[in-house]
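K.L.:
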Amino acid sequence: MSMANFDKKFYLVREDVLSDAMKKTIEAKDMLERGKAESIGDAVQKVDLSRSAFYKYRDTVFPFSSVSKDRIMSLFFHLEDRSGTLSKLLSVVAGSGCNVLTIHQTIPLMGRANVTLSLNTAGMVHDIDSLLAELRKLEFVEKVEVLGTGA
């Protein structure tokens, strides 16, 4: 990002409201980063995007995971109160490469507990979306939300 962008406002926007060109730009950038395309021309051709649209959006749209790297992230969970659930949850988090900084758990009421984790995501193996998907698959996790990110 150029220095001129520091005075601009930034927003976190849900994917379904982005234009097709913006989504394809993100996809093309990802292909280039992962070596799935040899050049910008190759990437835009693979995602069916014009080169001009790519250049228009390449420095303005970013996946949430690229913005949140090397940061602290707070996650909120609503869990079923069963023996070993926190241990299993922490095992998935540790397996992702995150470092747990803080844990806050409420006293379980009516078979449910709230847990808030603060994580250092600098060592993550995959992106945050992959971690969230894996956490949501756990049968005892009723809800998981990103509360915020910060340096």
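Quick note: the sequence shown uses the working numbering, first residue 10, plus one each step. Glycine included, each C-beta is placed from N, C-alpha and C at the ideal position. All values derive from a computational prediction rather than experimental measurement.
From Thr5 to Met119, what does the alpha carbon distance come to, in whole angstroms?
P.N.:
With the chain running from 10 to 160 in the structure shown, residue 5 is simply not present.
K.L.:
Return the CA-CA distance between Ala131 and Met82, expressed in angstroms with no decimal places.
P.N.:
Mapped onto the sequence shown, residue 131 falls at position 122. Mapped onto the sequence shown, residue 82 falls at position 73. About 10 Å.
K.L.:
What does a CB cutoff of less than 6 Å around Met31 pick up in its chain, not counting 5 residues either side in sequence?
P.N.:
Stepping through the sequence shown from its first residue, residue 31 is reached at position 22. Counting only Cβ-Cβ distances below 6 Å, and skipping sequence neighbours, we find Tyr66, Val70.
K.L.:
Could you tell me whether the segment 88 to 101 touches the segment 121 to 128, using the rule of 3 or more Cβ pairs below 8 Å?
P.N.:
Touching, yes.
K.L.:
For the beta strand (DSSP E) containing Phe86, name the first residue and the last one.
P.N.:
As a first step, residue 86 must be located in the sequence shown, where it is residue number 77. Segment 81 to 89, the beta strand (DSSP E) holding Phe86.
K.L.:
The alpha helix (DSSP H) that contains Ile112, what's its start and end?
P.N.:
Here residue 112 refers to the residue found at position 103 when the sequence shown is read from its first residue. Segment 108 to 114 is the beta strand (DSSP E) holding Ile112; no alpha helix (DSSP H) there.
K.L.:
Would you kindly work out how many angstroms separate the C-alpha atoms of Val153 and Lys38, rounded to a whole number?
P.N.:
Position 144 of the sequence shown, counting from 1, holds the residue named residue 153. Position 29 of the sequence shown, counting from 1, holds the residue named residue 38. Val153 and Lys38: Cα-Cα distance of roughly 28 Å.
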